[in-house]
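Asker: After the structure tokens below, expect a handful of questions from me.
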């Protein structure tokens, strides 16, 4: 399992803080939404074991080292094209590779970045991030869509999708608000009840943190599974 290193948490927070300085005050709101959305996209995708070279250079493919029909990566998929924050994740990874190469996974960096981006405006960490994930060895744009809830899902489809990932209706409501399909949650009495309780509860962020951690445990790679990517946008 990837070693738990304080520098991983420190570097993630420091890099995002540096990016925040000198930007507009809406940075926190926009950036936190992007980081959470990226975290949701990443954890909903199916983690697979096995070496895959998607995303490596065209020169390698032409030299005969790779035989692929496409070199499109997950980050090139339609859902990810609307997201920002990729450079921040890359910057964090670059600094961590200098300090402790091959230790902190991109999966852990993204989990920490999502937590810290949401926590900035509260000046404290809103939940304890679970670390020790390893990165997948497959990065295909074609695999992104089937493993992310469609913005056109109705409630039944959202519930079934979440259940396959080990998430409850409560998790579904707490983590929602980013997609067009989230309005479908108001059509079911169970999800509507959760939403109404969240409106009057002061425990939303505690609930949000718990659901983020549960989502972060979806199909986790540990031990000798997967890899620790050198660059988050491509497999090794």
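Numbering (full-length UniProt numbering), first residue to last: 1 to 236. For each residue, glycine too, the CB sits at the ideal point set by N, CA and C.
#1: Assuming the contact rule is C-beta atoms closer than 8 Å, residue 154 and residue 113 should be a hit. Round their C-beta distance to whole Å, please.
#2: Along the chain, where does the alpha helix (DSSP H) that runs through residue 196 open and close?
#3: If you check the beta carbons only, do residue 257 and residue 137 fall under 8 Å apart?
#4: Reducing DSSP to helix, strand and coil, say where residue 164 ends up.
#5: Where do the ends of the alpha helix (DSSP H) carrying residue 211 lie?
#6: Roughly how many whole angstroms lie between the Cα atoms of residue 167 and residue 102?
#7: Apart from the five residues on each side of it in sequence, which residues of its chain come closer than 6 Å, Cβ to Cβ, to residue 174?
#8: Have a look at residue 232 and residue 97 and give me their C-alpha separation to the nearest angstrom.
#9: When DSSP labels each residue in this structure, what does residue 225 get in the three-state scheme?
#10: In whole angstroms, what separates the C-alpha of residue 200 from that of residue 191?
#11: From the DSSP secondary-structure annotation, give me the bridge partner or partners of residue 135.
Answerer: If we stick to the structure as given:
#1: One-based indexing of the chain shown puts residue 154 at position 154. One-based indexing of the chain shown puts residue 113 at position 113. By a beta-carbon distance limit of 8 Å, residue 154 does not contact residue 113. Their separation comes to about 32 Å.
#2: Position 196 of the chain shown, counted from the first residue, corresponds to residue 196. Looking at the DSSP string, the run of the alpha helix (DSSP H) that includes residue 196 is 189 to 200.
#3: In the structure as shown, the chain starts at 1 and stops at 236, and residue 257 therefore has no counterpart that could be examined.
#4: Within the chain shown, numbered from 1, the residue matching residue 164 stands at position 164. Note: residue 164 maps to helix in three-state DSSP.
#5: Translated into positions along the chain shown, residue 211 becomes position 211. For residue 211, the enclosing alpha helix (DSSP H) begins and ends at 204 to 216.
#6: Here residue 167 corresponds to residue number 167 of the chain shown, with the count starting at 1. Here residue 102 corresponds to residue number 102 of the chain shown, with the count starting at 1. When rounded, the distance between both Cα atoms is 31 Å.
#7: Here residue 174 is taken as the residue at index 174 of the chain shown, counted from 1. Closer than 6 Å at the Cβ level, and outside the excluded window around residue 174, lie 207, 208, 211.
#8: Translated into the one-based positions of the chain shown, residue 232 becomes position 232. Translated into the one-based positions of the chain shown, residue 97 becomes position 97. Rounded to whole angstroms, the separation of the alpha carbons of residue 97 and residue 232 is 11 Å.
#9: In the chain shown, residue 225 corresponds to position 225, counting from 1. Three-state result, residue 225: coil.
#10: Numbered from 1 along the chain shown, position 200 holds the residue referred to as residue 200. Numbered from 1 along the chain shown, position 191 holds the residue referred to as residue 191. The straight-line gap separating the alpha-carbon atoms of residue 200 and residue 191 is approximately 15 Å.
#11: For the purposes of this step, residue 135 is taken as residue 135 along the chain shown, with counting starting at 1. Answer by DSSP bridge pairing, in chain order: 227.
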